Amino acid sequence: DVKVTQSSRYLVKRTGEKVFLECVQDMDHENMFWYRQDPGLGLRLIYFSYDVKMKEKGDIPEGYSVSREKKERFSLILESASTNQTSMYLCASSGVRYEQYFGPGTRLTVT
Amino acid sequence: GEDVEQSLFLSVREGDSSVINCTYTDSSSTYLYWYKQEPGAGLQLLTYIFSNMDMKQDQRLTVLLNKKDKHLSLRIADTQTGDSAIYFCAEMTGGGNKLTFGTGTQLKVEL
């Protein structure tokens, strides 16, 4: 079974803090993704990566950056957290039929 | 543009069949997918269908694809309370680098 893990289930940070969200997959997938999910707005793609050190902006990259130093690990970075970044963050990796496998999510609250 | 639409809510009685509908706009999608999300969790891949198929059955799940109308449906037979969740359809876009998700259908199963 594909396993995608995320570093935290719940996180509370203060405005202005730097926040790291980490995602690890164990299936040697090349593509990895970061989404945020908000009520009424569905899933929105922040960034994705199709190889180590390669990244592409998704639909809402502003205020975020990413890092992919190893194939199995994809990190989302909030350089200076703001309250409008309070959300559920979901990481995924994709398989041979482009199906995406999701982690359990990190619920981030910025106060 | 690429838009995937679903109705927001569906309520069924335990033991009945549920049918969740989805319309998509990208006729070049090679794969279409159904995901399930339980409260506070990530998305779980339920099934997928290749675009040259009309139907796919997997235990209690039946997927129907009408390419002419760009309509996808998920039928859950003998719906149980454990099926209560949000169901998302998704289509492959961007050459497989991305999935576009629907808005999600909240399925409520009543006793």
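As you go down the protein sequences, you meet chains A and B in turn.
Heads up: the first sequence runs through residues 1 to 111, numbered per the numbering used here.
Heads up: the second sequence runs through residues 1001 to 1111, numbered per the numbering used here.
Glycine residues also receive a C-beta, built at the ideal position from the N, C-alpha and C atoms.
Nothing here was measured: the structure is a model prediction, and the numbers come from that model.
Short Cβ contact (7 Å threshold) for residue i with residue j
i, j, result
"ALA1090 of chain B", "PHE1101 of chain B", "yes"
"TYR98 of chain A", "MET1092 of chain B", "yes"
"TYR35 of chain A", "LEU41 of chain A", "no"
"PHE33 of chain A", "PHE48 of chain A", "yes"
"LEU45 of chain A", "GLY58 of chain A", "yes"
"VAL1004 of chain B", "TYR1024 of chain B", "yes"
"GLY117 of chain A", "THR5 of chain A", "An answer regarding residue 117 of chain A cannot be provided, because it is not within the stretch 1 to 111 covered by chain A."
"VAL1109 of chain B", "ASP1083 of chain B", "yes"
Buried or exposed (CB count within 10 angstroms, at least 16 for buried), residue i
i, result
"ARG68 of chain A", "buried"
"GLN1057 of chain B", "exposed"
"VAL110 of chain A", "buried"
"GLN25 of chain A", "buried"
"VAL12 of chain A", "exposed"
"LYS105 of chain A", "A small correction: the amino acid at residue 105 of chain A is Gly; Lys does not occupy that position in the sequence shown. Buried, because 16 or more other Cβ atoms sit within 10 Å of the Cβ of GLY105 of chain A."
"LEU1074 of chain B", "buried"
Minimum C-alpha distance to residue i - residue among the options
i, options, result
"ARG1060 of chain B", "B:THR1081, B:ASP1016, B:ALA1077", "B:ALA1077"
"GLU30 of chain A", "A:LEU45, A:SER8, A:LEU11, A:LYS55", "A:LYS55"
"TYR1048 of chain B", "B:LEU1099, B:SER1011, B:LEU1032, B:THR1062", "B:LEU1032"
"TYR50 of chain A", "A:ASN84, A:VAL4, A:GLU17, A:SER93", "A:SER93"
"PHE1088 of chain B", "B:VAL1109, B:SER1028, B:GLY1042", "B:GLY1042"
"LEU1064 of chain B", "B:LEU1111, B:ASN1097, B:VAL1019", "B:VAL1019"
"LEU2 of chain A", "A:SER82, A:GLU72, A:ARG107", "As written in the sequence, residue 2 of chain A is Val, which differs from the Leu given in the question. Ranking the options by Cα distance to VAL2 of chain A, first place goes to A:GLU72."
"GLU22 of chain A", "A:PRO39, A:GLY16, A:THR83, A:LEU78", "A:LEU78"
"ASN1021 of chain B", "B:GLY1095, B:GLN1080, B:SER1029, B:HIS1071", "B:HIS1071"
Short CB-CB distance (under 7 Å) between residue i and chain B
i, result
"ARG36 of chain A", "no"
"PRO61 of chain A", "no"
"GLU22 of chain A", "no"
"GLU99 of chain A", "yes"
Contact belief for residue i with residue j at Cβ below 8 Å, rounded distance in angstroms
i, j, result
"LEU1008 of chain B", "GLN1106 of chain B", "6 Å"
"THR1079 of chain B", "SER1017 of chain B", "7 Å"
Cutoff 7 Å: residue i Cβ touching any chain A Cβ
i, result
"THR1105 of chain B", "no"
"GLY1001 of chain B", "Its pLDDT being 47, under 50, GLY1001 of chain B is placed unreliably by the model, and the measurement read from it follows with that caveat. Cβ-Cβ to chain A under 7 Å: no for GLY1001 of chain B."
"PHE1009 of chain B", "no"
"LEU1074 of chain B", "no"
"LYS1043 of chain B", "Here the sequence assigns Leu to residue 1043 of chain B, which means Lys is not the residue at that position. Answer yes: the Cβ-Cβ gap between LEU1043 of chain B and chain A drops below 7 Å somewhere."
"GLU1092 of chain B", "For the record, residue 1092 of chain B in the displayed sequence is Met; it is not Glu. Yes, MET1092 of chain B lies at the interface with chain A (some Cβ there is under 7 Å from its Cβ)."
"TYR1024 of chain B", "no"
"LEU1061 of chain B", "no"
"TYR1087 of chain B", "no"
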